[in-house]
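Just so you know, the sequences run in chain order A, B and C.
Per the numbering used here: the first sequence ends with 275, consecutive numbering throughout.
Per the numbering used here: the second sequence ends with 550, consecutive numbering throughout.
Per the numbering used here: the third sequence ends with 825, consecutive numbering throughout.
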Amino acid sequence: MARAVREVRETNPLAPSITNTVTQSFVANAQLAVGGSAAMVYLPDEGECVAALGGAVYINLGTLMPVYEQTVPATARACAAAATPWVLDPVGVGIGSLRTRLIEAVRENPPTILRGNASEIIAVADLWGLGGNSVDGASGDGPRGVDSTDSVDAAERAAVACARFTGGAVAVSGATDLVTDGVQVARLSGGSSLMTCITGSGCSLGGVCAVYACVADPFVAALTATAAYNLAGLRAAETCDGPGSFQVAFLNALYNLTTEEVTEAPLALTSTSAA
Amino acid sequence: MARAVREVRETNPLAPSITNTVTQSFVANAQLAVGGSAAMVYLPDEGECVAALGGAVYINLGTLMPVYEQTVPATARACAAAATPWVLDPVGVGIGSLRTRLIEAVRENPPTILRGNASEIIAVADLWGLGGNSVDGASGDGPRGVDSTDSVDAAERAAVACARFTGGAVAVSGATDLVTDGVQVARLSGGSSLMTCITGSGCSLGGVCAVYACVADPFVAALTATAAYNLAGLRAAETCDGPGSFQVAFLNALYNLTTEEVTEAPLALTSTSAA
Amino acid sequence: MARAVREVRETNPLAPSITNTVTQSFVANAQLAVGGSAAMVYLPDEGECVAALGGAVYINLGTLMPVYEQTVPATARACAAAATPWVLDPVGVGIGSLRTRLIEAVRENPPTILRGNASEIIAVADLWGLGGNSVDGASGDGPRGVDSTDSVDAAERAAVACARFTGGAVAVSGATDLVTDGVQVARLSGGSSLMTCITGSGCSLGGVCAVYACVADPFVAALTATAAYNLAGLRAAETCDGPGSFQVAFLNALYNLTTEEVTEAPLALTSTSAA
């Protein structure tokens with residue numbers, strides 16, 4: 001994780017995105033704050049082009065436009081062809097039919113990192129037919145809009161199943177975060193309740209996962225991004241009077257985090273007991 | 276109004292939007308700051324889906340994409356079918372032909388709350404054929420881009436006519452704001468001239484009207500949102516050195532407003548004298 | 551330049567944009583901060599409509615949607631027909647094919663001001679067949695995503711060629727900025743390295759060029775906008791702890807700049823030696 005933080009700051013890797021219009025600016029600013037570079041596109045051949053550039057691509061299904069029907073599958077294919085890591089953020093799965101079709105479509109070229117809230121991760125595991133994800137405590141209701149109706153613990157089985165299926169990592173965001181590679185399960189604490197009072201804290205975490213995935217394996221990239229977010233959230237909450245100044249302080253904190261701080265982040269690692 | 280402020284904070288209602296890309300982030304952050312939840316979509320079946328979720332929907336015509344031709348009428352119909360309140364923000368009416376067609380199209384499933392600047396409200400009343408809106412002082416020029424060329428007072432007759440036609444409420448934003456249900460006309464003061472120096476103060480007010488419309492009738496929802504904005508604007512202006520810090524302080528102030536402050540907002544109520 | 555700063559503040563000119571979704575909000579807020587008015591559109595007939603309003607139009611190719619294929623050429627034609635100045639920001643030229651086609655398409659109705667980083671300006675000169683732009687030090691690689699791989703000096707010949715071709719001005723952004731009308735070449739210093747740590751500093755400079763182009767000739771408009779940016783960047787960097795507060799302080803500084811400060815900006819003027 002220390003190496004990932006340092007290498008991003010030294011090499012300024014480009015992590016292009018196909019991402020929603022609501023939080024695009026915050027995603028880009030968070031990617032820049034940790035030392036990466038950002039570029040957002042919508043068109044199919046542009047998705048293929050940025051996938052071929054290397055680095056790592058961030059795909060977020062938040063505000064779908066009609067052209068996403070072509071762009072998302074084409075970009076996933078191009079990432080597979082170029083062995084470019086990519087991060088999927090299944091925002092709002094359950095709203096309309098295209099989100100569902102796109103998640104099903106990328107099953108054959110799955111993401112290196114899947115990031116979402118608990119309800120979103122459970123929904124993706126179901127759509128990919130990874131079966132048996134219902135556990136005690138899961139609502140079975142799916143997300144409410146873009147919010148989770150499930151706890152992070154209720155999504156552990158789905159997260160492990162997705163990670164085993166993709167061969168990459170899965171990050172579930174919540175009060176305590178969970179990151180797994182299908183074998184190990186890490187729980188990370190920190191952050192701030194104010195992160196739910198600003199739009200884009202989840203999306204920009206996905207974008208920062210992509211930045212670290214330019215220089216590290218998926219599990220380390222997801223852990224590093226999550227640890228950085230928890231620390232920056234904690235620090236920002238110390239000085240702010242509300243969500244306006246929290247957002248400002250959060251970007252400052254991301255920018256000013258030291259390698260040491262990120263590697264000392266509280267992180268509890270266990271082996272998965274999932275079947 | 277006190278009940279609306281409190282109930283939103285307690286129930287975190289979801290107010291989905293179809294809204295312009297310029298101010299989307301600010302709309303979502305303002306909705307979250309008052310205690311609501313936000314989700315933005317563009318596609319027709321997604322608009323229908325969020326209309327069926329309940330809550331209240333915010334539709335803003337600011338940066339039309341081609342798909343809006345289907346999405347806006349479909350969502351208005353779905354809101355009518357589900358008795359979901361919705362807020363229309365006719366930003367930039369007069370630019371291009373699609374805005375005009377969409378405003379005409381939703382006439383048969385009209386919004387619960389219509390919010391805009393004076394020139395926009397006059398233009399909508401004209402498009403809906405509610406006649407005789409020209410009064411002394413109205414420019415007759417329509418908006419200039421997204422800015423008003425008319426005073427709020429010049430739009431009173433049009434606002435009352437629209438409210439009577441929709442059976443809901445109309446909020447006209449300006450130096451002094453006007454809110455009417457077609458019978459009563461309230462004038463609210465406060466705010467700050469810096470609100471015209473940041474983009475999205477009007478749009479985000481529309482989004483916050485939708486949040487309060489999840490828990491209150493249209494007139495109370497529009498009054499509460501307008502009063503909250505005026506207070507937050509006043510408070511934010513006290514501490515800032517320009518539009519950058521004003522925007523930050525404004526979101527903080529929205530988040531920190533107390534129920535008492537909102538209900539003590541200066542508000543002058545009269546009966547309409549419009550025919 | 552003093553006159554441009556003052557006249558914008560006095561007349562609040564409208565500079566409509568067709569611009570990318572990532573930085574749209576920052577573009578609008580920067581345009582408002584210097585005293586202009588903003589309006590963003592995407593549809594072809596809306597582009598034609600805003601071109602006919604007068605003022606000056608800003609076109610940025612950052613996040614192309616399919617409809618841009620019609621909108622950009624139609625708006626460039628409408629600007630030519632109405633003698634409305636317009637600013638082209640060729641963001642990300644080299645990603646996908648539509649950017650290339652659009653830059654080629656507007657060759658016959660070229661922009662009044664061309665603004666970009668060094669690699670983008672070199673790429674445009676090549677696409678317009680203005681030949682012989684390779685100089686010692688140019689990478690020949692094109693931009694990397696939205697970032698420059700070339701120095702500003704390496705783009706001087708291309709910038710002068712573009713300015714002579716369009717009859718307007720070209721602004722090349724970098725550590726030291728270059729502005730030329732094809733005869734004179736100005737170099738402006740200032741700014742802050744933090745400007746590369748926030749998204750939209752380049753885009754919003756393009757939008758502010760359009761605001762000043764409403765009241766001044768292209769060379770003066772580009773100089774004024776660039777000088778204002780360098781000063782605001784310097785001032786914002788003095789007080790901030792990172793990119794979050796830099797963005798806030800930058801908008802405040804733009805808003806608070808005095809006419810005198812802008813006209814005293816360090817500016818080195820030479821005659822071009824380019825063939």
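Glycine included, every Cβ here is placed at the ideal spot set by N, Cα and C.
Since we're looking at a predicted model, the values are computed, not measured.
Identified DSSP bridge partners for residue i
i, result
"A:Q184", "A:S271"
"B:A446", "B:R390 and B:V454"
"C:W678", "Its beta-bridge partners do not exist; DSSP assigns none."
"C:N610", "C:D639"
"A:M40", "A:S17"
"A:D147", "A:R144"
7 Å Cβ cut-off: residues of chain A touching residue i
i, result
"C:L648", "L43"
"C:R694", "L14"
Short Cβ contact (8 Å threshold) for residue i with residue j
i, j, result
"C:T776", "C:L755", "yes"
"A:C162", "A:L114", "yes"
"A:G92", "A:L61", "yes"
"A:Q31", "A:A51", "no"
"B:A511", "A:P243", "no"
"C:I653", "C:L677", "yes"
"A:A123", "A:P90", "yes"
"B:V523", "A:V215", "no"
"C:A578", "B:V297", "yes"
"B:L506", "B:V537", "yes"
"B:Y317", "A:M65", "yes"
"A:T84", "A:V57", "yes"
"B:T338", "B:P319", "no"
"B:N527", "A:S245", "yes"
Residues near residue i by beta carbon distance below 6 Å, same chain, minus five either side
i, result
"B:N384", "A351, R352 and A355"
"A:A275", "Per-residue confidence for A:A275 stands at a pLDDT of 46, beneath the threshold of 50, marking its modelled position as unreliable; the derived number appears in the next sentence. Nothing listed; no residue qualifies."
"B:D416", "T424"
"B:A496", "C484, Y487 and A488"
"B:Y504", "L480"
"B:A433", "I396, I397, A400 and N408"
"A:Y255", "A33"
"C:V656", "A626"
"A:A82", "A51 and A52"
"A:L276", "A question about residue 276 of chain A goes unanswered here, because the residues of chain A that appear run from 1 up to 275."
"C:L638", "I609, P661 and L664"
"B:F301", "G475 and S479"
Residue i: contacting residues in chain B (beta-carbon distance under 7 Å)
i, result
"C:V798", "G519, S520 and V523"
"A:D147", "S312"
Contact list for residue i against chain B, beta-carbon separation under 9 Å
i, result
"C:Y762", "Those within 9 Å of C:Y762 in chain B number zero; the least Cβ separation is about 17 Å."
Partner residues on chain A for residue i, Cβ-Cβ distance less than 9 Å
i, result
"C:C629", "Within 9 Å Cβ-Cβ: nothing; C:C629 doesn't reach chain A, min ~24 Å."
Same chain, Cβ closer than 8 Å to residue i, neighbours up to 5 away in sequence not counted
i, result
"A:Q184", "F219, L269, T270, S271 and T272"
"A:I68", "It should be noted that the sequence gives Tyr, not Ile, for residue 68 of chain A. The residues are I18, Y42, L61, L98 and L102."
"A:A2", "T259, E260, V262 and T263"
7 Å Cβ shell around residue i - same chain, five flanking residues per side excluded
i, result
"B:N287", "G310, G311 and S312"
"A:Q24", "M40"
"B:G393", "Correcting the residue type first, residue 393 of chain B is Ala in the shown sequence and not Gly. Same-chain partners within the cutoff: S423, D425, S426, V427, A429, A430, V447 and G449."
"B:R284", "G310"
Residue i: contacting residues in chain C (beta-carbon distance under 7 Å)
i, result
"B:G367", "A589"
"A:L251", "G792, P793 and G794"
Listed by chain order, chain C residues near residue i by CB distance under 8 Å
i, result
"A:V67", "M615 and P616"
Partner residues on chain A for residue i, Cβ-Cβ distance less than 8 Å
i, result
"C:I645", "A39, V41, E46, C49 and V50"
Cβ-heavy atom distance, residue i to the ligand FMN, below 7 Å
i, result
"B:V454", "In the structure on display, the ligand FMN does not appear, and there are no ligands present to speak of."
Query - Within 9 Å of chain C by C-beta, residues of the stretch 325-340 of chain B in sequence order - result: G337, T338, L339 and M340
Query raised in the report: What are the residues of the stretch 564-591 of chain C that lie near chain A, defined by any Cβ-Cβ distance shorter than 9 Å?
Result: N570, T571, V572, T573, Q574, S575 and F576
Query raised in the report: For the stretch 461-492 of chain B, which residues have a beta carbon sitting closer than 8 Å to at least one beta carbon of chain C?
Result: T471, C472, I473, T474 and G475
Report task. Pull out every residue of the stretch 803-821 of chain C whose Cβ sits closer than 9 Å to any Cβ of chain B, in chain order. Result -> A803, L804, Y805 and N806
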